[in-house]
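**Q** So that we are looking at the same thing, I have put the structure below in structure tokens.
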Amino acid sequence: MNAETPVAEFRDVTFAYPSSDSAVFSGFSGILPGGLVSLVGTNGSGKSTLMLLAAGRLLPDSGTVALLGRDTRLFADEEDRNRFASFIYQNMEFETEDPLGLVLEQVYAGGEHPAKGSGFLEETIEAFELRSLSLRHLSKLSKGETQRALLAFSALYGSRVVFMDEPLFAMEERQKSRALDFFRSYAGRTGASVCVSLHELELTRGFADVVLLFKRDRTIELGSPAEVLTDMALEAAYGVPAAMLKQKERLDRTRLEEEAELLAHPHG
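In the working numbering, the protein residues as written are 157 to 424.
Here it is, written out as structure tokens:
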């Protein structure tokens, strides 16, 4: 799938969370392009919600969302939907006590990956540095290790679109770059699209073919990293001078790490 083939099309979509008095999207129409796509913008600007709607994890209050041409309301079940799209959530946790190595094999065997039997399982384990963790129970993984495992699961399952919501914040810097390099190669070999929200703009510049910049007025600017990630556009989207964005990225990363820690240890 290339960038000219939309992953999702939104037609007059309105959506609000039940706990909110205001809609995240109201009468929104547009596309989520295919290829290597990065979504950037401030917290609460709609990035996660757009991906959840595109992937069929949320349904619009009105209007339609088509994922690869199929109305997201019409998926028969979760398995049917997962063939089209996998989704890595922020602070995703595991509910099994099985060892990581076994689960990696199970995901690969039960998935849709077009490269089965080609050594892709071993390649993925090496790429995400999971070999030494194969006997570790999933519940015993650190946050960074959990993120690497989730990325591997998503690749091994082989959905046509991989959605990832802030999937890298607990990983080491070299691991972040290696993960995005892996998915760039993965998309090229399989034709899959990869849509990821990132708070680190330099990672977006090095990874994405297409950027969606979510602005504070709920408009979305779409284009190449060079076209979209200009100082003027970023200042308008984030509300701070471009020179201060690095500091804001560090604060965002700290916030994500603190939220993950609270979820892991809810009672302090």
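Even glycine gets a Cβ: it sits at the ideal position worked out from N, Cα and C.
Who are the near neighbours of SER182 in its chain, counting only those whose CB is closer than 7 Å to its CB and skipping five residues on each side?
**A** So the qualifying residues of the chain are THR170.
**Q** Do the region 208-220 and the region 289-296 meet, that is, are 3 or more Cβ pairs less than 8 Å apart?
**A** These segments do not touch.
**Q** Between the C-alpha atoms of ALA392 and LEU369, what's the straight-line distance to the nearest angstrom?
**A** Whole-angstrom Cα-Cα distance: 10 Å.
**Q** Report yes if the CB atom of LEU195 is closer than 8 Å to the CB atom of ARG340, and no otherwise.
**A** No. Outside cutoff.
**Q** Spell out a yes or no on whether the region 385-403 and the region 353-361 are touching, meaning 3 or more CB-CB pairs, one atom from each, closer than 8 Å.
**A** With a cut-off of 8 Å, the region 353-361 and the region 385-403 count as touching, because enough Cβ pairs lie within range.
**Q** By how many angstroms is the C-alpha of SER185 removed from the C-alpha of THR280?
**A** Going by the C-alpha atoms only, they are around 37 Å apart.
**Q** According to DSSP, what are the bridge partners of ILE187?
**A** Answer is GLU165.
**Q** Whose C-alpha, out of SER353, ASP373, ARG372 and ARG374, is nearest the C-alpha of VAL366?
**A** The option with the nearest alpha carbon to VAL366 is SER353.
**Q** Where do the N-terminal and C-terminal ends of the alpha helix (DSSP H) with ASP387 fall, by residue?
**A** First-last of the alpha helix (DSSP H) with ASP387: 387-394.
**Q** Apart from the five residues on each side of it in sequence, which residues of its chain come closer than 8 Å, Cβ to Cβ, to LEU256?
**A** Result list for LEU256: LEU286, LEU289, SER290, LEU291, ARG292, HIS293, LEU294, LEU297 and ALA305, in chain order.
**Q** Looking at the unbroken alpha helix (DSSP H) that takes in THR205, where does it start and where does it end?
**A** 203-210 is the extent of the alpha helix (DSSP H) around THR205.
**Q** Kindly indicate which three-state DSSP category PHE250 falls into: helix, strand or coil?
**A** In the structure shown, PHE250 sits in coil (DSSP, three-state: anything other than H, G, I, E or B).
**Q** Quick check: the Cα distance between GLU162 and SER176, rounded to an integer number of angstroms?
**A** Rather than Glu, the amino acid found at residue 162 in this sequence is Pro. Each residue's Cα considered, the two are about 29 Å apart.
**Q** Would you report the Cα separation of PHE319 and VAL221, rounded to the nearest angstrom?
**A** Each residue's alpha carbon lies about 15 Å from the other.
**Q** Quick check: what's the CA-CA separation for PHE263 versus ALA311?
**A** According to the sequence shown, residue 263 is Val rather than Phe. Between VAL263 and ALA311, the C-alpha separation is close to 10 Å.
**Q** Three-state secondary structure (DSSP) at ALA283?
**A** Helix.
**Q** Take ALA364 and list the residues in its own chain whose beta-carbon comes closer than 7 Å to its own, dropping the five residues that flank it on each side.
**A** LEU192, VAL193, SER194 and PRO381.
**Q** Go ahead and pull the three-state DSSP assignment for LEU195.
**A** Of the three classes helix, strand and coil, the one that applies to LEU195 here is strand, per DSSP.
**Q** Any idea what DSSP makes of THR375, helix, strand or coil?
**A** Coil, per DSSP.
**Q** Between GLU301, ASP254, GLU253 and ALA308, which lies nearest to PHE276 when the distance is taken from Cα to Cα?
**A** The candidate whose alpha carbon is nearest that of PHE276 is ALA308.
**Q** Measuring straight from C-alpha to C-alpha, what distance separates PHE166 and THR346?
**A** Spanning the two alpha carbons is a distance of roughly 25 Å.
**Q** If I follow the unbroken beta strand (DSSP E) through VAL317, where does it start and stop?
**A** Start and end: 317-321.
**Q** Applying the criterion that 16 or more other CB atoms from any shown protein chain within 10 Å of the CB defines a buried residue, is VAL180 buried or exposed?
**A** It counts as buried.
**Q** Between the C-alpha atoms of LEU209 and GLU278, what's the straight-line distance to the nearest angstrom?
**A** Roughly 33 Å separates the two Cα atoms.
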